[in-house]
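Below: one structure, written as structure tokens.
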Amino acid sequence: MSEALFFEICLKIFMGFMSASIILIFLSLIKGPNLEDRVVAIDLFSSVVLSSIALYAIYGNHPHYLSAAMVLALFAFLGTGIFARFIEKENEVKS
Amino acid sequence: MSLFLVGPVLVLGGLLVFLAALGVYRMPDVYTKCHTSSKASTLGKILVFSALGMYFFSWDTAIKSVLIVIFFFFTVPVGTHLIARASHKAGATKYKTTLFDDME
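Residue numbers (the numbering used here), protein chains in the order written: chain X, 1 to 95; chain Y, 1001 to 1104.
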């Protein structure tokens, strides 16, 4: 088996994993009984998007997409922190 | 670098991210969900971005990949800890086989 064909097969398997994980994350967004479960699913969604950006950078041979991945790696954390803060504050108002 | 080395590392990272998504779908509890989503996805993303650095094989992409991995090490545990603490304060239900809870 040649080198390019092997790498092409590896990329195709990686694409399959990414699409299966996005489907599973949306299913758990629908299923999750509470808000916290959905926040965990959204947190994981950002990491799947990051891996998909890496896949696209390799597939299209564009190393410039790494800057976008760097910015997303920093800002996904902010969304998670704000959701956690919201859950805490809502609990304080209730009690 | 040889593509025979980059491909398996990439597939292994994708498998770990997929296992994290499967765990978030299957786990019964918020805390176990936090566990699987933080650990497996961190290792998976580290493998994916090291494969990226090996594929392009230049200083520019190598430095950016290392920076992204360092950001993961800073942000992922902090974010997961925030969610777990907030859900414990909001009184999330524990799974029935939970043995003890140190925060009570």
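In this text, a Cβ means the ideal position worked out from N, Cα and C, and glycines have one as well.
From a predicted model like this one, the values you see are computed outputs, not experimental measurements.
{"Query": "Could you work out which residue in X:21, X:4, X:86 is closest to residue 52 of chain X when comparing CA atoms only?", "Result": "X:21"}
{"Query": "Is the Cβ of residue 73 of chain X closer than 8 Å to any Cβ of chain Y?", "Result": "yes"}
{"Query": "If you scan the segment 1037-1083 of chain Y from start to end, which runs of the alpha helix (DSSP H) of 4 or more residues do you find wholly inside it?", "Result": "none"}
{"Query": "Compare the C-beta of residue 81 of chain X with all C-beta atoms of chain Y and state if any pair is closer than 8 Å.", "Result": "yes"}
{"Query": "Exposed or buried, residue 25 of chain X, counting other C-beta atoms within 10 Å across all chains shown (16 or more means buried)?", "Result": "buried"}
{"Query": "Which full runs of the alpha helix (DSSP H) of 4+ residues lie inside the segment 17-94 of chain X, going along the chain?", "Result": "35-59, 65-94"}
{"Query": "Quick one: list the residues of chain X neighbouring residue 1015 of chain Y, beta-carbon separation under 7 Å, in chain order.", "Result": "17"}
{"Query": "Quick check: residue 1003 of chain Y and residue 6 of chain X, are their CB atoms within less than 8 Å of each other?", "Result": "yes"}
{"Query": "What three-state label does DSSP hand residue 1093 of chain Y in the structure shown?", "Result": "coil"}
{"Query": "Closer than 7 Å by beta-carbon distance: list the chain Y residues that pair up with residue 96 of chain X, in chain order.", "Result": "No answer is possible for residue 96 of chain X: the residues shown for chain X start at 1 and end at 95."}
{"Query": "Can you find a C-beta in chain X that's less than 8 Å from the C-beta of residue 1078 of chain Y?", "Result": "yes"}
{"Query": "Would you grab the beta carbon distance between residue 17 of chain X and residue 1014 of chain Y for me? Rounded to a whole angstrom, and I think it's under 8 Å.", "Result": "4 Å"}
{"Query": "For residue 1060 of chain Y, which residues in chain X fall below 8 Å Cβ to Cβ?", "Result": "63"}
{"Query": "For residue 68 of chain X, which residues from the same chain have a beta carbon less than 8 Å from its beta carbon, with the 5 sequence-adjacent residues on both sides left out?", "Result": "53"}
{"Query": "In this structure, does DSSP put residue 1087 of chain Y in helix, strand or coil?", "Result": "helix"}
{"Query": "Check each candidate in Y:1094, Y:1100, Y:1016 and name the one with the smallest Cα separation from residue 120 of chain X.", "Result": "As shown, chain X starts at 1 and ends at 95. That puts residue 120 of chain X outside it, with no answer to give."}
{"Query": "Identify whether residue 15 of chain X lies in helix, strand or coil by the three-state DSSP scheme.", "Result": "helix"}
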